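Note sheet for the following structure.
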Amino acid sequence: MDTKNRVEVTELDVSHYCNKRKVSVFSIFGLDNSHNESVCHWNDRLDGLSLENLRFVSGFPTPNLVLKITNQAILFNLEDIRGTILYDRIYILQDADGVLGSSTEYLKDKLFSCCDPEWLKLYFPLMALYYIIEHYCDCTSFSLKQQRKIFEDSKIALEDSFSGSSLLYLREARQGAERIAKNLDTIANNFASCFASETCGLLLGVNVAWSIVTEVYIEEILKLLRKIQQESHILLDDCRNLELRYTSMLEADFVRLLSSFLFSRFLVCLFAFYTMLIEFFHSNFFKPSSSNAMTAGFVILVCGIYISAFVAIYIFQRWLTGRKFTILFL
103 MDTKNRVEVT ELDVSHYCNK RKVSVFSIFG LDNSHNESVC HWNDRLDGLS LENLRFVSGF
163 PTPNLVLKIT NQAILFNLED IRGTILYDRI YILQDADGVL GSSTEYLKDK LFSCCDPEWL
223 KLYFPLMALY YIIEHYCDCT SFSLKQQRKI FEDSKIALED SFSGSSLLYL REARQGAERI
283 AKNLDTIANN FASCFASETC GLLLGVNVAW SIVTEVYIEE ILKLLRKIQQ ESHILLDDCR
343 NLELRYTSML EADFVRLLSS FLFSRFLVCL FAFYTMLIEF FHSNFFKPSS SNAMTAGFVI
403 LVCGIYISAF VAIYIFQRWL TGRKFTILFL
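Taken in order, the sequence shown gives residues 103 to 432; the numbers are from our numbering.
What follows is the structure in C-alpha cells.
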C-alpha cells in the first residue's frame, strides 16, 4: 500500500465529552488533507465529527439504533461493536476494559491488505462497513455453531434416555438460537431499509460511473446478513420442532399418570356414594313386606354400581387411547 494511504490505529479519550469511554480511531492518511504524518494532534481526530456522532460513538444511549446513514457519516451498532464511519476515519467504541476487540484487529488487517489506494479513497466507507459486517457474521456464525452443538448433544441425550434435564438443555439451545435470530432480523431489516433510502447516495457522493460498484457492495453486505439470518432460522426451527416433540411426550406421560390417579379416586368415591345410598335406601324404604316394585328398585340400585363402574372404565379407556391429553391438561 502507498505510504500516504496507510492505516493507523490510535486511541482517543472522549470521557470529557460524554461517558468515560475510549474510542479506537482508524485514520487513513491521504484521504484527508488536514492530517499530516509528522503532525497529528489528539483534537484533530474529532474534526468533522458532529455532536450527534460524538455522543453516539462515545457510548451515549441510542436505543433501537442499528444503522443510520447521514450526509456526513455512517453510524452502526451491532451488539458488541459500535462506531461511526467518516470519509477518512473510523471511530470504534472500545469495551469497558479499553481492550481492542477482535473486530478492531480484523478491520485493521483488511484495510491494510487493500492494494489500491484509489479504490480505498472512493469506497472507504462502504469497504469499512462491509468488513465490519463480515466479521460480525463470522462471530455470529461461530455462536450458531455453539448453539448447534448444544442442540445435537441434547438430541442424543433425549434419544438415549428421556429426561427433564435433557429437555431443559434443549430449551437452552432454542433460547440462544431465538435470541440470535431476533437480533439478525432486526439488523438485516434495518440495513435493508437504510440502504434503500436516498441518504446512502449522499454519503458516497453522486458518481454515476461508480454507482454499479456501490450497488455491488450493498448487495454483498445484505447477502452476508441474509445468509447468516437463514442459518439462524434453520437452527431455530430444528430446536422448536424437537422441543415440541419431546414436550408433547412429557405432557402425555404426565397426563396418563394424573388421569389414572384421578380415575382411581373417582371409582373410590363412586363406590362410597353407592354404599351410602344403598344403606340409606335399605334402612328407610326397604322392608320384607314391601311390594315387588320396591324389591326390584333395590336390586337395580345394588347392580347399578357395577354397571356405572364398567361404563366409566370403558369411557376412560376410550378417551385415554384417543390422544386427547391436551384437553385434560389445559
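Cβ coordinates follow ideal geometry from the N, Cα and C atoms, glycine included.
Note that this is a predicted model, so its numbers are computed, not measured.
Notebook entry, point to check: Looking at C-beta atoms only, is the number of pairs between the stretch 337-348 and the stretch 246-255 that lie closer than 8 Å three or more?
Noted result: Output reads yes: the stretch 246-255 touches the stretch 337-348.
Item checked: Arg328 to Ala290 span [Cα, whole Å] -> Approximately 7 Å between the Cα atoms of the pair.
Next item on the list: State the DSSP-derived secondary structure class of Leu180, mapped to helix, strand or coil.
Entry: In the structure shown, Leu180 sits in a strand (DSSP, three-state: E or B).
Item checked: Cα-Cα separation, Cys296 to Arg347 -> 40 Å
Note to self: Per DSSP, what are the beta-bridge partners of Gly185 in this structure?
What the structure shows: Phe178, Ile194
Note to self: Do Phe293 and Ile323 have their beta-carbon atoms positioned less than 9 Å apart in this structure?
What the structure shows: yes
Checklist line | Residue burial classification, Leu222 (beta-carbon count within 10 angstroms, cutoff 16) | finding: For Leu222, the number of other beta carbons within 10 angstroms of its own is at least 16, and it is reported as buried.
Next item on the list: Measure the Cβ-Cβ separation of Gln249 and Ala279 and say whether it is below 9 Å.
Entry: yes
Checklist line | Residue from Ser268, Leu188, Leu167 with nearest C-alpha to Leu224 | finding: With distances taken between Cα atoms, Leu224 lies closest to Leu188.
Check: Can you tell me the Cα-Cα spacing of Lys284 and Ile314, whole angstroms?
Finding: 31 Å
Next item on the list: Please indicate yes or no: does the CB of Ile409 lie closer than 8 Å to some heavy atom of the ligand MN?
Entry: Although the ligand MN was asked about, the structure shown includes no ligands whatsoever.
Check: In terms of residues, what are the limits of the beta strand (DSSP E) holding Leu169?
Finding: 169-171
Check: Taking Ala275 as the reference, which of Glu261, Lys247, Ala298, Leu286 has the closest Cα?
Finding: When only C-alpha atoms are compared, the closest one is Lys247.
Next item on the list: Return the chain-ordered list of same chain residues with a C-beta closer than 6 Å to the C-beta of Leu260, the five sequence neighbours on each side being excluded.
Entry: Ser268, Tyr348
Note to self: With a threshold of 6 Å on Cβ separation, who are the neighbours of Tyr208 within its own chain once the five nearest residues in sequence on each side are excluded?
What the structure shows: Excluding sequence neighbours, Tyr208 sits near His237.
Next item on the list: Put Ile258 into one of helix, strand or coil per three-state DSSP.
Entry: Helix at Ile258.
Check: On the three-state DSSP scale, how would you describe Phe131?
Finding: Note that Phe131 scores a pLDDT of 43, beneath 50, so its modelled location is shaky and nothing firm can be said.
Item checked: Own chain residues within Cβ distance below 7 Å of Arg273, not counting five before or after -> Glu345
Margin query: Quick check: Ile194 and Ser245, are their CB atoms within less than 9 Å of each other?
Written below: Contact flag unset, no.
Notebook entry, point to check: Thinking C-alpha only, which one of Ser215, Leu326, Pro227 is nearest Lys170?
Noted result: Pro227
Check: Between Leu333 and Ser243, which are expected to be in contact by the criterion C-beta below 8 Å, what is the C-beta distance as a whole number of angstroms?
Finding: It is worth fixing the name first, because residue 333 is Glu in this sequence and not Leu. Sure, about 7 Å apart at Cβ, within 8 Å.
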